[in-house]
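So this is what it looks like as structure tokens:
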């Protein structure tokens, strides 16, 4: 049976890599005596997957994982796992799936809360105007560098189709925006790249090293419908 769970990743554990996160959960399954299923073959491994892995350094209120296991009550699973996991990674909820559909095939959008400062003080109206005018551009491009056969190849990418919306939530000592960005197999926009482009195109003098990013939601997509995976 496939159990889909929602969990968070906070504070210092935002610096744990995706590979180390997978290892942490594998050890926790064993320590909590979870009846997880294993793949067949010469080198069997536990059958679980995390949808839309986070970039290093980003906190999250909700991440999703699918686990193939022998049936056990969801409440018991959560209690056992939270008893062995670090306090800054905890399981929030879970549900057995009625049909199998992988997280990576359905997750399409990530919502981020982004806090930053500018050298020049601006009010809510000014920040809204900057963001709205920027989003009205025909193209917003960034340059990605890839290595191919030992050579570095630069490619310009238009990220505007990857931005669903940006909402200015607060202006004070910090400016807070919420951004809904494309993520998953059909395209991905790292919020770090979003902030680089916003800063570059508008001369905002943002200290990009001090930007604080938290993923506050993940969404699946089917046709015109956007919904929570759990």
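In my numbering, the protein residues as written are 5 to 234. For glycine and all other residues, C-beta sits at the position ideal for the given N, C-alpha and C.
- In the same chain as residue 158, and ignoring 5 residues on each side of it, the C-beta atoms closer than 6 Å to its own belong to 147 and 149, in chain order.
- Under DSSP, residue 13 takes part in a beta bridge, and its partners are 64.
- Take the alpha-carbon of residue 63 and the one of residue 57: they are about 11 Å apart.
- Shown here, residue 105 sits in coil according to DSSP, grouped into three states, outside any helix or strand.
- DSSP assignment within the segment 156 to 227 yields the following whole beta strand (DSSP E) runs of 3 residues or more, N-terminal first: 167 to 175, 179 to 186 and 216 to 226.
- Linking residue 116 to residue 53 through their CA atoms gives a straight-line distance of about 22 Å.
- Beta-bridge pairing by DSSP links residue 113 to 186 and 223.
- Boundaries for residue 30: no beta strand (DSSP E) harbours it, while the alpha helix (DSSP H) harbouring it runs 22 to 35, taken from the DSSP string.
- For residue 87, the three-state secondary structure derived from DSSP is helix.
- Judged by DSSP in its simplified three-state form, residue 127 adopts coil rather than helix or strand.
- Residue 93 is not a Cβ neighbour of residue 131, given a cutoff of 8 Å.
- Residue 173 has its alpha-carbon roughly 41 Å from the corresponding atom of residue 5.
- Straight through space, the alpha carbons of residue 166 and residue 186 are spaced by roughly 5 Å.
- At least 8 Å separates the beta-carbon of residue 69 from that of residue 36.
- Put simply, the backbone Cα of residue 194 is about 19 Å away from that of residue 12.
- Cβ neighbours of residue 184 within its own chain (closer than 7 Å, five residues either side excluded): 113, 115, 168 and 169.
- The straight-line gap separating the alpha-carbon atoms of residue 21 and residue 214 is approximately 20 Å.
- For residue 149, DSSP records a beta bridge to 158.
- Counting every other CB atom within 10 Å of its CB across the protein chains shown gives residue 32 a total of 16 or more, marking it as buried.
- For the 8 Å CB-CB criterion, residue 234 and residue 51 do not form a contact.
- Taken through DSSP and simplified to helix, strand or coil, residue 19 comes out as helix.
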